[in-house]
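Have a look at the structure below, then the notes.
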Amino acid sequence: MFIANVSGRLSLLTDETDAAEAIDVAEVSDGRFGPAPADAYERWDDFSTWLRQADLSSSPRRAFAPDELLTPVPTPSQIFAIGLNYADHAAEARMELPENLIVFTKFGSSLAGAVTEVALTGPTMDWEAELVVVMGRSGRSIDEADAWDHVAGLAVGQDLSDRTVQSRGKPAQFSLGKSFAGFAPVGPVLPLSAVEHRDSLRVHSTVTVEGGEERVLQDGTTADMVFSVPAIIARLSDVVELRAGDLIFTGTPSGVGLGRDPQEFLAAGSTLHTGIDQLYPITQKITD
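Here our numbering is used: the first residue of the sequence shown is 87, the next is one more, and so on.
Structure (structure tokens):
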């Protein structure tokens, strides 16, 4: 089961991503949880225990339209994003491997759901397929060995970027260039307990251009991260309190448009598809 936000209500999705149906959590839990999506993460221990024990085989479920699938955590306390976290991406960016976390944010107003339309912001709008971590337990100075215990689940995300705005000024303005409307789409969350091989997940993206041609953009694995998910959590929590419902965009593998020769960027009329093994895929239509 995936945890989702369907039309503003905490929901569970069946695993069939091509024909998934939604189960309303407030309804099937008799009001114990929901309807606000944040309720799952703010009460993660109770919610995850209920989810493991609940018999949902005969629960009422309904079909939903793609645009009903909203961002799973609408108002996270904090959104972190990690830069240059894959060696091959650092190489294509002609940057040295970081010795410490490179951290920026994507502002909350950029959050979007799994299947969306995103307006083209200029000639250098780029893609970055990413694994997104959703925190389930708060904490400071979290030990790396205990970090996974603080994670509620994982999701597919895109760190869409306007490279012109991102590089504007000295120093550059990473967060602004990555926070236009719809620039942080996130898919439904798979609880960590259901994720297999969590340290080596395939991350991939393709683009379909007008005329129907589909091309591979990125194809990597989280096993190639410079800083693993536990390392990211430990290092962030040495400085800030990580809170339940926080989102962490963990970086992107190689294949972004900025690093290509010649460089390549998104165009109006194209459709971006992003997936990670086992997780719910997301799709963004680029519009004028």
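Cβ atoms here follow ideal geometry from the backbone N, Cα and C, with glycine treated the same way.
If Ser224 sits next to Leu333, beta carbons under 8 Å apart, how far is it from one beta carbon to the other, in whole angstroms? Here the question's residue 224 lines up with position 138 in the sequence shown. Here the question's residue 333 lines up with position 247 in the sequence shown. The Cβ separation is near 14 Å, so there is no contact.
Select from Asp104, Thr100, Gly341 the residue whose C-alpha is nearest the C-alpha of Arg147. Taking the sequence shown and counting its residues from 1, one reaches residue 147 at position 61. It is Thr100 whose Cα lies nearest to the Cα of Arg147.
So, with DSSP's three-state summary, where would you put Thr307? Taking the sequence shown and counting its residues from 1, the one referred to as residue 307 is at position 221. The answer is strand: DSSP assigns Thr307 an E or B state.
Can you check DSSP and say which residues form a bridge with Pro271? Reading the sequence shown from its first residue, position 185 is the one you call residue 271. Beta-bridge pairing links Pro271 to Ala198.
Coarse secondary structure for Phe166, derived from DSSP in three states: By 1-based counting over the sequence shown, the position of residue 166 is 80. Strand at Phe166.
Report the residue from Gln139, Ala215, Ser261, Leu197 whose alpha carbon sits nearest the alpha carbon of Val375. The requested residue 375 is not part of the displayed model; the chain covers only 87 to 374.
First through last residue of the beta strand (DSSP E) which encompasses Val389: One cannot answer for residue 389 here, as it falls past the ends of the chain, which runs 87 to 374.
Tyr172 - DSSP class collapsed to helix/strand/coil: In the sequence shown, residue 172 corresponds to position 86, counting from 1. Tyr172 falls in the strand class under three-state DSSP.
According to the neighbour-count rule (16 or more other Cβ atoms, all chains shown, within 10 Å of its Cβ), is Thr135 buried or exposed? Along the sequence shown, read from residue 1 onward, the residue named residue 135 stands at position 49. Under this definition Thr135 is an exposed residue.
Are the Cβ atoms of Leu303 and Val342 separated by less than 9 Å? Locating residue 303 in the sequence shown gives position 217, where the first residue counts as 1. Locating residue 342 in the sequence shown gives position 256, where the first residue counts as 1. Yes, these two residues count as a Cβ contact at 9 Å.
So who's on the other strand from Glu300, going by DSSP bridges? Numbered from its first residue, the sequence shown carries residue 300 at position 214. According to DSSP, which records beta bridges pairwise, Glu300 is partnered with Thr294.
By the three-class DSSP mapping on this structure, what secondary structure does Leu365 have? Position 279 of the sequence shown holds residue 365. Look at Leu365 here: in three-state DSSP terms it is coil, with no helix or strand label.
According to DSSP, Val218 sits in a beta bridge with which residue or residues? As a working note, residue 218 is residue 132 in the sequence shown. Answer is Ala241, Phe335.
From Leu96, Pro316, Gly94, pick the residue whose C-alpha is nearest to that of Ala231; which is it? Stepping through the sequence shown from its first residue, residue 231 is reached at position 145. Closest by alpha carbon: Pro316.
Provide the residue span of the beta strand (DSSP E) that contains Val159, from first to last. Against the sequence shown, residue 159 aligns to sequence position 73. Counting along the chain, Val159 falls outside any beta strand (DSSP E), and DSSP gives it neither H nor E.
Cβ-Cβ separation, Ser356 to Asn300 (assumed contact under 8 Å), whole Å: As a position in the sequence shown, residue 300 is number 214, starting the count at 1. As a position in the sequence shown, residue 356 is number 270, starting the count at 1. With the sequence shown as reference, residue 300 is identified as Glu, and Asn is not the correct amino acid for it. Actually they are not in contact, since the Cβ atoms of Glu300 and Ser356 sit about 10 Å apart, beyond 8 Å.
Looking at the secondary structure, which residues open and close the beta strand (DSSP E) in which Phe266 lies? Position 180 of the sequence shown, counted from the start, is the residue given in the question as residue 266. Unbroken run through Phe266: none, as it is neither H nor E.
For Val242 versus Tyr366, is the C-beta spacing smaller than 9 Å? In the sequence shown, the residue the question calls residue 242 occupies position 156. In the sequence shown, the residue the question calls residue 366 occupies position 280. Yes.
What do you get for Met181, buried or exposed, if any count of 16 or more other CB atoms within 10 angstroms of its CB means buried? Counting from one through the sequence shown, the residue named residue 181 turns up at place 95. Per the 10 Å Cβ criterion, exposed.
Cβ pair Trp213, Leu246 closer than 9 Å: Along the sequence shown, one-based indexing puts residue 213 at 127. Along the sequence shown, one-based indexing puts residue 246 at 160. Their beta carbons are under 9 Å apart, which means Trp213 touches Leu246 by this criterion.
Check the C-beta distance from Val201 over to Leu155 and give it rounded, since I have them as a contact under 8 Å. Residue mapping note: residue 201 aligns to position 115 of the sequence shown, counting from 1. Residue mapping note: residue 155 aligns to position 69 of the sequence shown, counting from 1. Rounded to whole angstroms, the Cβ separation of Val201 and Leu155 is 6 Å, and the two are in contact under 8 Å.
Quick check on the burial criterion: 16 or more other C-beta atoms within 10 angstroms. Buried or exposed for Asp104? If you number the sequence shown from 1, residue 104 lands on position 18. Asp104 should be labelled exposed.
Looking at the unbroken alpha helix (DSSP H) that takes in Phe88, where does it start and where does it end? Taking the sequence shown and counting its residues from 1, the one referred to as residue 88 is at position 2. Phe88 -> not in any alpha helix (DSSP H); beta strand (DSSP E) instead, spanning 88-92.
Which same chain residues end up closer than 8 Å to Ala258 when comparing Cβ atoms and leaving out the 5 residues on each side of it in sequence? Position 172 of the sequence shown holds residue 258. So the qualifying residues of the chain are Gln252.
For Ala267, the nearest candidate out of Thr373, Arg284, Phe190 (CA to CA): As a first step, residue 267 is located in the sequence shown; it is residue number 181 there, counting from the start. The candidate whose alpha carbon is nearest that of Ala267 is Thr373.
Give the DSSP-derived three-state secondary structure of His283 in the structure shown. As a first step, residue 283 is located in the sequence shown; it is residue number 197 there, counting from the start. Coil, per DSSP.
Indicate whether Glu312 and Gly345 have their beta-carbon atoms separated by less than 9 Å. By one-based count along the sequence shown, residue 312 stands at place 226. By one-based count along the sequence shown, residue 345 stands at place 259. Checking the displayed sequence, the identity of residue 312 turns out to be Val instead of Glu. Result no, Cβ atoms of Val312 and Gly345 do not sit closer than 9 Å.
For Ser279 and Phe88, the rounded distance between their alpha carbons: Within the sequence shown, numbered from 1, the residue matching residue 88 stands at position 2. Within the sequence shown, numbered from 1, the residue matching residue 279 stands at position 193. If I take the Cα positions, the gap works out to 11 Å.
Same chain, Cβ closer than 7 Å to Leu96, five either side skipped, listed in chain order: As a working mapping, residue 96 is identified with position 10 in the sequence shown. Within the same chain, Val111, Ala112, Phe119, Gly120, Pro121, Ala122, Pro123, Asp125, Ala126 come within 7 Å of Leu96 by CB-CB distance, once the 5 residues on both sides are set aside.
Given the structure, does Phe313 come close to the ligand NAP, in the sense that its CB is under 8 Å from one of the ligand's heavy atoms? Absent from the structure shown: the ligand NAP. Ligands present: none.
To the nearest angstrom, report how far apart Ser340 and His290 are at their CA atoms. On the sequence shown, residue 340 is found 254 positions in, with the first residue counted as 1. On the sequence shown, residue 290 is found 204 positions in, with the first residue counted as 1. Using only the alpha carbons, I get a separation of about 10 Å.
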